[in-house]
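**Student:** No gaps in the numbering here: position 133 of the sequence shown is 143 in our numbering, and each next residue is one more. Okay, here's the structure, questions in a sec.
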Amino acid sequence: MTPTSTATGSMRENLWPAAFALCLAYVVWFFPRYIIALGYGNDNLLSQNPAAGPLDYLMLAAMIVTLVMGVRTANTTPGEGRVESPFDRVSLFLGRCTMLLIVLLVAVMFYEVVMRYVFEAPTLWANEMSLWIAGFIFLLSGIYAMQQRSHIRIFLLYDMFPRTV
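Shown next as structure tokens:
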């Protein structure tokens, strides 16, 4: 099997979520530029950031394209259920992005531990970034779990009422 085949688990299926995550990270990092370009920047924002340029708009367009292409090419693995609606494809794609975020979270935490305890030079950003990434993992994995029907159910109330309710 070639690395770019259309089989499930192929390189192409992992490429779209990675490209989307990179484009989204760029857009979020430079979001003040978009605010300035829309004319909503205050003096503090204007003194620290330029307005959005061609590269910024290119990355915004690339983010949208990678999102659309990633959703269109999201396929299920043998353990996952069927795709019944477009929302299922969105959930699958966001699930793949969440899996990549877990890898990124581990890398950020590993970097912080090495910098803090080996080189005695802790970072200022790693703790907050790991909290933000963990929050996104929590939210996006919930969407994926709901799509896979693997979320935790509480049967106490569910069993008390008739099925029609």
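Ideal placement from N, C-alpha and C gives every residue a C-beta, glycine not left out.
Would the beta-carbon of G49 fall within 9 Å of that of N59?
**Tutor:** no
**Student:** Do M139 and P27 count as a contact pair if the criterion is CB distance below 9 Å?
**Tutor:** no
**Student:** For V78 and P64, what's the separation of their Cα atoms in angstroms?
**Tutor:** 21 Å
**Student:** My assumption, with CB atoms under 8 Å, is that R92 sits in contact with V81. Please give the rounded CB distance.
**Tutor:** Not really, about 16 Å apart at Cβ, beyond 8 Å.
**Student:** So is F103 buried or exposed if we call it buried at 16+ other beta carbons inside 10 Å?
**Tutor:** buried
**Student:** Here's the rule I'm using: 16 or more other beta-carbon atoms within 10 Å means buried, otherwise exposed. How should A117 be labelled?
**Tutor:** exposed
**Student:** Between the Cα of Q157 and those of N137, E130 and E94, spot the shortest distance and give me the residue it belongs to.
**Tutor:** E94
**Student:** What would DSSP say about T76, mapped onto helix, strand or coil?
**Tutor:** helix
**Student:** Might you give, ordered along the chain, the residues of its own chain that have their beta carbon closer than 7 Å to the beta carbon of L29, omitting 5 neighbours on each side?
**Tutor:** Correcting the residue identity first, residue 29 is Ala in this sequence and not Leu. T76, listed in sequence order.
**Student:** CB-CB under 8 Å to L111, same chain, minus the five flanking residues each way: which ones, in chain order?
**Tutor:** These residues qualify, in order along the chain: A31, I143, F146, I147 and L150.
**Student:** From the DSSP output, in three-state form, read off G49 for me.
**Tutor:** DSSP places G49 in coil when its eight states are reduced to three.
**Student:** When you compare each of R159, M170 and R43 to G89 by their alpha carbons, which one comes out closest?
**Tutor:** R159
**Student:** By alpha-carbon positions, which one of Y67, V38, C33 and D66 ends up nearest to M73?
**Tutor:** C33
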